[in-house]
Amino acid sequence: MLVDQFWKEIKGVNSAMLAIGSARHVPMSPYARQEDSAIWFITAQGTDLVNALTNGESDASLIVTGENDIHARIEGAAGIVQDRAKLEELWNPVASSWFDGIDDPDIRLIRLVPTEAEVWLTPGGLGFAFELVKSKLTGKQPDMGEHFSLAF
9 MLVDQFWKEI
19 KGVNSAMLAI
29 GSARHVPMSP
39 YARQEDSAIW
49 FITAQGTDLV
59 NALTNGESDA
69 SLIVTGENDI
79 HARIEGAAGI
89 VQDRAKLEEL
99 WNPVASSWFD
109 GIDDPDIRLI
119 RLVPTEAEVW
129 LTPGGLGFAF
139 ELVKSKLTGK
149 QPDMGEHFSL
159 AF
């Protein structure tokens, strides 16, 4: 059940920080697909992430902070995938802003297969403010949501 909740929440994330091996965390647009048990990224040849993968590094870390009321640290194994059908499935206006069309020869797909995650699901915005006010009125600690760890 928690795994399904994880995939549901992570699917709505539009930006996160991805690191692979010695390549530092950089902002990326993740495309979570529970049916693939993977989080996909569209990137370009020559980036630090692609270079790390090309050099045999595969340990990946994804940091999600606060989007859609989810915070997460996701660890896993990454790899470059050449799959035209998957690229067509993932292609969108954001990706098209970075490339000269879907046939750009520099496009690379990165597939991150999570092995573990630590997740915090928090009430955002008004929910957070409500919990703080309620805490002051009742003297009880605010309910800041769920926190759980997963092994995939």
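Count along the sequence shown from 1, then add 8; that gives the number in this note's numbering.
By construction, the Cβ of each residue, glycine as well, lies at the ideal position given by its N, Cα and C atoms.
Our two residues, I88 and W128, have alpha carbons roughly 29 Å apart in a direct line.
Between the segment 59–76 and the segment 107–114 there are fewer than three C-beta pairs closer than 8 Å, too few to call the two in contact. In this structure, V121 places its C-beta atom within 8 Å of the C-beta atom of A46. At a Cβ-Cβ threshold of 8 Å, I115 and I50 count as neighbours. Minimum Cα-Cα distance from M36 among the listed residues W48, D44 and G147 corresponds to W48. The beta-bridge partner set that DSSP reports for I28 consists of A31 and A68. At a Cβ-Cβ threshold of 8 Å, A31 and D56 count as neighbours. With a threshold of 16 other beta carbon atoms within 10 Å, P38 meets it and is buried. With a beta-carbon spacing of about 11 Å, A27 and I82 fall beyond the 8 Å limit used to define contacts. In summary, A60 is buried, with 16 or more beta-carbon neighbours lying within 10 Å of its beta-carbon over all protein chains present. The beta carbon of T123 sits closer than 8 Å to those of E83, G84, A85, A159 and F160, all from its chain and outside the five residues before and after it, given in chain order. The continuous alpha helix (DSSP H) containing I18 extends over residues L10 to K19. Counted as a single uninterrupted DSSP element, the alpha helix (DSSP H) harbouring E97 occupies residues R92 to L98. Within its own chain, the residues whose Cβ lies closer than 6 Å to the Cβ of H155, once the five positions on either side in sequence are excluded, are W128, listed in chain order. Linking W15 to T73 through their CA atoms gives a straight-line distance of about 15 Å.
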